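Chains as they are written, first to last, in full-length UniProt numbering: chain W, 1 to 420; chain C, 1 to 420.
In what follows, a structure is listed as C-alpha cells, so that the remarks can point back to it.
Number of protein chains: 2
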Amino acid sequence: MKILVLGGDGYLGWPSALHLSRCGHQIGIVDNFARRGYDQELGIASLVPLASLRTRVTAWREVSGLRLEVYEGDLTEAGFIHRVIRAFRPEAVVHFAEQRAAPYSMIDRDHAVYTQVNNVVGTLNLLYAIGELDRDIHLVKLGTMGEYGTPNIDIEEGWLEVEHKGRTERVLYPKRPGSFYHLSKVHDSHNIEFACRAWGLRATDLNQGIVYGQQTPDTALDPRLATRFDYDSLFGTVVNRFVVQAVLGLPLTVYGSGGQTRGLIDIRDTVECIRLSVENPARAGEFRVFNQMTQSMSVLDIARTVAEAYPGDVEVERLANPRVEADQHYYRVQHSRLTELGLIPHLLSETLLTSLFDIAREHAERALPQTILPQTDWRTPSATARTTPPQVGEMLPQARTVRQRSSADDTSTAAGSGAP
Amino acid sequence: MKILVLGGDGYLGWPSALHLSRCGHQIGIVDNFARRGYDQELGIASLVPLASLRTRVTAWREVSGLRLEVYEGDLTEAGFIHRVIRAFRPEAVVHFAEQRAAPYSMIDRDHAVYTQVNNVVGTLNLLYAIGELDRDIHLVKLGTMGEYGTPNIDIEEGWLEVEHKGRTERVLYPKRPGSFYHLSKVHDSHNIEFACRAWGLRATDLNQGIVYGQQTPDTALDPRLATRFDYDSLFGTVVNRFVVQAVLGLPLTVYGSGGQTRGLIDIRDTVECIRLSVENPARAGEFRVFNQMTQSMSVLDIARTVAEAYPGDVEVERLANPRVEADQHYYRVQHSRLTELGLIPHLLSETLLTSLFDIAREHAERALPQTILPQTDWRTPSATARTTPPQVGEMLPQARTVRQRSSADDTSTAAGSGAP
C-alpha cells in the first residue's frame with residue numbers, strides 16, 4: 001500500500017514509517033522539521049542523538065534495502081500538501097504532523113495561537129487536498145486521550161449513545177480538554193467528522209494515550225535509526241522523564257497529589273496500531289475513533305513503578321501542579337477496537353524500564369537537567385501580544401518557574417510527575 | 001457600564017451598540033470593516049444603503065446626544081485588541097467580530113481556512129487580553145444555533161446532563177455542525193470554556209438562531225443609522241431573502257424539501273438579549289450558554305408565511321439542496337434562560353413582514369438579483385490551494401452554480417429557502 005507519513009521525522013512518525021516500510025508498504029515521509037526547530041527555540045534536546053532525516057533514510061536503505069521517499073515542506077502551505085498528494089498518490093495518509101506538546105501550547109499567547117493555527121490549518125489543508133484529489137484516501141489522524149479530559153462517566157471510543165428525555169442519539173463523545181494543544185485536536189476531530197459527513201471522506205481518529213519507550217525493533221537496528229528521547233518539561237512524557245530523572249539522580253517530580261490517571265501505550269504498540277488502522281481502513285464517509293492506549297495508571301503509580309524498577313536510590317518530590325487538571329477523578333476507558341483488529345499489547349514492565357534505564361545511562365552526559373522542571377503556570381495567561389507565530393530559533397519568552405515545594409502534605413513515598 | 005462591542009459596524013453589532021448606548025451604557029465600537037470588504041470581494045451589497053461608521057456615529061450623537069468611541073483594527077492582531085482593552089477598560093465585551101456566513105466558509109479552501117483562523121484566533125487573542133488585563137471582564141460571545149446541528153434529542157442550553165452506565169456527568173452539549181463556519185464557533189466555544197475553567201474568566205455564549213428584520217427603534221430614527229439588509233445567497237438570512245424575492249417578483253427558493261427546521265429571532269430581540277446578558281453577568285469562572293432564539297419554524301413554513309403575508313403573487317421554486325443538512329429531522333430546543341432574564345419575544349408576524357416588504361420596496365432598485373441563487377455546492381470541496389487568506393477586493397473564485405430545478409417532486413405550494 002502507498003502510505004504518506006506526515007511528521008515522519010518525529011518521535012513516533014519516524015518509527016511508524018519504518019514499521020510500515022518493513023511490513024511491505026511503500027512510504028513517503030513529509031516533514032517540515034518543526035520538532036527539531038522547537039529544540040532550538042527552547043534550548044532542549046533529545047537525550048539520544050538524532051541523525052538527520054537524510055542520514056536516517058540512507059541508513060534504513062543500507063540496513064533493510066527499502067526506500068523511503070521524502071517531501072520537505074509545511075502542511076499549512078496548502079499548495080505544498082496538494083502537490084505532494086498529487087505526486088505520491090497515497091492510499092492512506094498517517095497524520096502525525098502537529099505541534100504535540102500541551103505545555104508548549106500553554107507557554108503564552110503566541111504558542112497557543114501557533115499551536116491551534118498550525119494544527120487546525122494543516123489538517124484543513126489536508127482534508128481539502130484529499131477531498132479534491134481522491135476521496136478514497138484513508139486519513140489516519142493522531143488525536144489524544146487528553147481530548148476527553150476526565151469525565152465522571154466511562155470514556156467510549158469517540159462516539160456516545162445518549163438517552164435524553166426518552167429519545168436517543170449517537171453523538172460525538174463530549175470533550176473537555178485541558179490545554180490549547182488538546183483543544184486543537186478537538187477542533188481537528190470536529191473538522192474531520194464534518195469532512196467525512198459532507199464529502200464522504202474516510203477517517204480514523206486515533207486518540208492516543210501517553211507514549212513511553214524509545215525503541216522499536218526497527219530503530220534498534222542502527223544508531224542512525226534512533227528516534228527521540230524527550231524528558232524535558234515541555235516535550236518529555238511522564239514515563240520517559242521519570243526514567244531520566246532516576247538515572248540522573250534527580251528526584252522524580254509529581255505534580256499535585258499524583259492521582260491523575262492517564263492512558264498509556266508502549267511505542268512498539270503505537271507503530272503496530274498505525275499499521276492495523278491503515279490495513280483495515282474506515283468505510284467511505286465513516287469517521288471512526290479508536291482509543292489508542294493499552295492500560296491506565298495514576299502518575300503516582302507510574303512513579304512508584306519506575307522507582308521500584310530502578311536499581312538505586314530514588315528521591316521523591318512533589319510540585320504544585322502547574323496544569324489545569326483534576327488530580328482525583330474517575331477514569332475508565334473503553335479501548336477494545338485496536339485489540340479487536342489484532343493488537344497484542346506490551347504492558348509497562350520492568351524489562352522495558354530496565355532497557356530505558358540503559359539507554360538513558362548511555363547518553364546521560366547529554367542530559368540538560370535544567371530543562372526538566374516546569375516553567376509555565378497554566379492558570380496564568382501570558383499574552384506576549386506579538387502578531388506573528390514564533391519563528392524557529394526564537395527563544396522561549398518570559399518563562400516563569402512554577403517550582404514550589406509542598407511541605408504540609410508531602411509524603412516520602414509519593415513520586416510522580418504530570419502527564420505529557 | 002463600559003461595554004466594548006466588537007464588530008460594532010455589522011448587521012447586529014451596530015444596532016446592539018445603539019441599544020446599549022440608549023440604555024445608559026458607555027460604548028466603544030471595534031471593527032475592521034471586514035463585512036464591508038466581503039461586499040467588495042463578492043460583488044454583493046446591502047439592499048438598504050449604509051452610511052460609513054463615522055457618519056453613523058455622528059448621526060447617533062445628533063439624534064441622541066450620546067457618544068460612541070470607535071477603535072478601528074483587527075482582532076487577529078493581538079497587540080491591537082490588547083491595547084484597546086487596556087485603553088477602554090470595559091466591564092463587558094460583546095463579541096460579534098467574526099466571519100458569520102456559513103456559505104461564505106464553504107466557497108473553497110481559502111474561505112474555510114480564513115473563516116476558522118479569523119474567528120478562532122480573534123477569540124483567542126481576546127481571551128488572552130482579558131485574562132492578562134482584567135479577568136473580571138464579562139465576555140458575551142455570539143455563537144449560533146447551527147453549532148448543535150439537528151440531533152434526535154432535545155437541544156439544551158449548552159450543557160447536557162448525561163447518564164451513562166449508571167454514572168452521571170454534566171457535559172458540554174455534543175455538537176455536530178454543518179459548515180466550516182459553524183465549526184469555527186464550536187471551536188470558539190471549547191476554547192472559551194477552557195479559559196473560564198483555567199483562568200476563571202466569566203463568559204456567556206449566545207447560540208443565536210437565524211435573525212430576521214432590519215430595524216430597531218434606534219436605527220429607525222435616521223436613515224444614516226440604518227443597518228444592513230442582506231438577501232444574497234451568502235450573507236442573506238432566510239426570512240430577509242424571501243422578503244426581497246417576493247418584492248422583486250422572483251420565486252421564493254426552497255433548498256431540498258424545505259423541512260429543515262431552524263430557530264429564529266427578531267433583530268429587536270437580539271439587541272435586547274445582548275442587553276440582558278450584559279446586565280446580568282456570568283459568575284467568575286462560569287461558562288454559560290443561552291439559546292438566543294424565540295421560535296422554531298421549518299423553511300417551508302417560513303416561505304408559506306412570507307407568501308401569505310405578501311400582497312401579490314408569489315412564485316415558488318425548489319432547488320437541489322447545496323448544503324450538508326437533513327431536511328427531515330427532529331428539532332426541539334430549550335430556550336428559556338433569556339426569557340427568565342426578562343426577554344419578551346417578538347414572534348414572526350404579518351406586521352413585521354409588512355414593514356420589511358415596505359423597506360425592500362423602497363430600495364428595490366438597488367437589488368442585485370443575480371446574487372440570490374446559491375453558487376457553491378457544499379458537498380464538493382474546492383481547494384484553491386493559495387497560501388494566504390483572501391484579501392478584501394479579490395473576486396469570488398470559481399463560483400459554480402448549483403441551481404437545479406427539481407421536477408418530479410415539485411409542488412405548487414412549496415416555497416422556501418435554506419437557512420443562513
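Ideal Cβ placement from N, Cα and C applies to all residues, glycine included.
The model shown is predicted, which means the values in this text are computed figures rather than measured ones.
Per-residue contacts from residue i into chain C (C-beta, under 7 Å)
{"i": "Ala-198/W", "result": "Val-324, Trp-378, Arg-379"}
{"i": "Glu-169/W", "result": "Pro-151, Asn-152, Ile-153"}
{"i": "Lys-141/W", "result": "Those do not exist, as Lys-141/W stays about 15 Å from chain C at its closest Cβ, beyond 7 Å."}
6 Å CB neighbourhood of residue i in its chain, flanking five on each side removed
{"i": "Glu-362/C", "result": "none"}
{"i": "Leu-18/C", "result": "Asp-218"}
{"i": "Val-324/W", "result": "Gly-178, Trp-378"}
{"i": "Leu-53/W", "result": "Asp-9"}
Amino acids of chain C, ordered along the chain, whose beta-carbon sits closer than 8 Å to that of residue i
{"i": "Lys-175/W", "result": "Leu-172, His-190"}
{"i": "Val-121/W", "result": "Val-113, Gln-116, Val-117"}
Contacts around residue i, its chain only, beta-carbon distance under 7 Å, and the 5 residues preceding and following it disregarded
{"i": "Ala-195/C", "result": "Leu-127, Gly-131, Leu-201"}
{"i": "Pro-390/W", "result": "In this prediction, Pro-390/W scores a pLDDT of 41, lower than 50, which makes its location untrustworthy; the coordinate-derived value is nonetheless stated afterwards. Correct list, in chain order: Glu-41, Asp-110, His-111, Tyr-114."}
{"i": "Thr-227/W", "result": "Tyr-11, Trp-14, Pro-15, Gln-214, Thr-219"}
{"i": "Leu-234/W", "result": "Leu-42, Ile-44, Ala-101, Pro-103, Tyr-104"}
{"i": "Ala-203/W", "result": "Leu-139, Lys-141, Ile-192, Cys-196, Ala-282, Phe-287"}
{"i": "residue 436/W", "result": "Residue coverage of chain W in this structure runs from 1 to 420, which leaves residue 436/W outside it and unanswerable."}
{"i": "Arg-337/W", "result": "Glu-157, Phe-290"}
Assigned secondary structure, residue i (DSSP; H/G/I helix, E/B strand, else coil)
{"i": "Thr-388/W", "result": "Confidence at Thr-388/W is low in this model, with a pLDDT of 43, below 50, so its placement is unreliable and no value can be given for it."}
{"i": "Ile-192/W", "result": "helix"}
{"i": "Glu-308/C", "result": "helix"}
{"i": "Ile-267/W", "result": "helix"}
{"i": "Lys-141/W", "result": "strand"}
{"i": "Leu-124/W", "result": "helix"}
{"i": "Gln-245/W", "result": "helix"}
{"i": "Ala-45/W", "result": "coil"}
{"i": "Leu-68/C", "result": "strand"}
{"i": "residue 425/C", "result": "This structure does not reach residue 425/C, given that chain C is present from 1 up to 420, and the question cannot be answered."}
{"i": "Asp-313/W", "result": "coil"}
{"i": "Tyr-255/W", "result": "strand"}
{"i": "Arg-202/W", "result": "strand"}
Delimiting residues of the alpha helix (DSSP H) encompassing residue i
{"i": "Tyr-104/C", "result": "102–105"}
{"i": "Glu-41/C", "result": "34–42"}
{"i": "Asp-358/W", "result": "350–362"}
{"i": "Arg-318/W", "result": "Element bounds for Arg-318/W: not the alpha helix (DSSP H) but the beta strand (DSSP E), 316–319."}
{"i": "Ile-85/W", "result": "78–88"}
Contact list for residue i against chain W, beta-carbon separation under 7 Å
{"i": "Asn-118/C", "result": "Ordered by position in chain W, no residue passes the 7 Å Cβ test against Asn-118/C, which lies about 11 Å from the chain."}
{"i": "Val-186/C", "result": "His-190"}
{"i": "Val-162/C", "result": "Ile-153, Val-162"}
Contact set between residue i and chain W, taken where Cβ atoms lie within less than 8 Å
{"i": "Phe-287/C", "result": "Residues of chain W passing the Cβ test: none, with the nearest at roughly 11 Å."}
Chain-ordered chain W contacts of residue i [CB-CB under 9 Å]
{"i": "Tyr-212/C", "result": "Residues of chain W passing the Cβ test: none, with the nearest at roughly 27 Å."}
{"i": "Leu-68/C", "result": "Within 9 Å Cβ-Cβ: nothing; Leu-68/C doesn't reach chain W, min ~26 Å."}
{"i": "Lys-2/C", "result": "None at all; the shortest Cβ gap to chain W is about 20 Å."}
Partner residues on chain C for residue i, Cβ-Cβ distance less than 9 Å
{"i": "Phe-194/W", "result": "Arg-176, Pro-177, Gly-178, Ser-179, Phe-180, His-182, Leu-183, Val-324"}
{"i": "His-19/W", "result": "Simply none; closest approach about 31 Å."}
Beta-carbon separation (whole angstroms), residue i vs residue j, contact threshold 8 Å
{"i": "Leu-68/C", "j": "Ile-27/C", "result": "5 Å"}
{"i": "Asp-9/C", "j": "Asp-31/C", "result": "4 Å"}
{"i": "Tyr-97/C", "j": "Gly-7/C", "result": "The question names Tyr, but residue 97/C in the sequence shown is Ala. Between Gly-7/C and Ala-97/C the Cβ distance is about 4 Å, and since that is below 8 Å, they are a contact."}
{"i": "Ala-246/C", "j": "Val-314/C", "result": "5 Å"}
{"i": "residue 434/C", "j": "Ser-296/C", "result": "Lying before the first or after the last residue shown, residue 434/C is absent from chain C, which here runs from 1 to 420."}
{"i": "Arg-224/C", "j": "Tyr-231/C", "result": "Contact doesn't hold; Cβ gap of about 21 Å is too wide."}
{"i": "Asn-125/C", "j": "Gln-99/C", "result": "Not confirmed; about 15 Å, so no contact."}
{"i": "Ala-367/C", "j": "Leu-248/C", "result": "6 Å"}
Boundaries (first-last residue) of the beta strand (DSSP E) holding residue i
{"i": "His-164/C", "result": "159–164"}
{"i": "Thr-294/C", "result": "Neither: Thr-294/C is in no beta strand (DSSP E) and is coded neither H nor E."}
{"i": "Ile-210/C", "result": "210–212"}
{"i": "Thr-339/C", "result": "Careful: Thr-339/C lies outside any beta strand (DSSP E), inside the alpha helix (DSSP H) at 337–341."}
{"i": "Ala-92/W", "result": "92–95"}
{"i": "Leu-172/C", "result": "167–172"}
Chain-order list of residues whose beta-carbon lies under 8 Å from that of residue i (same chain, five-residue window excluded)
{"i": "Ile-3/C", "result": "Leu-20, His-25, Gln-26, Ile-27, Gly-28, Pro-90, Glu-91, Ala-92, Val-93, Val-94, Val-278"}
{"i": "Val-120/W", "result": "Ser-184, His-187, Asp-188, Asn-191"}
{"i": "Leu-160/C", "result": "Arg-170, Val-171, Leu-172, Tyr-173, Pro-174"}
{"i": "Ala-385/W", "result": "Because Ala-385/W sits at a pLDDT of 43, beneath the cut-off of 50, its placement in the model cannot be relied upon, and the following sentence gives the value as read from the coordinates. Arg-109, listed in sequence order."}
Minimum Cβ-Cβ distance from residue i to chain B less than 8 Å
{"i": "Ile-267/W", "result": "The chain labelled as chain B is not found among the protein chains of the depicted structure, namely W and C."}
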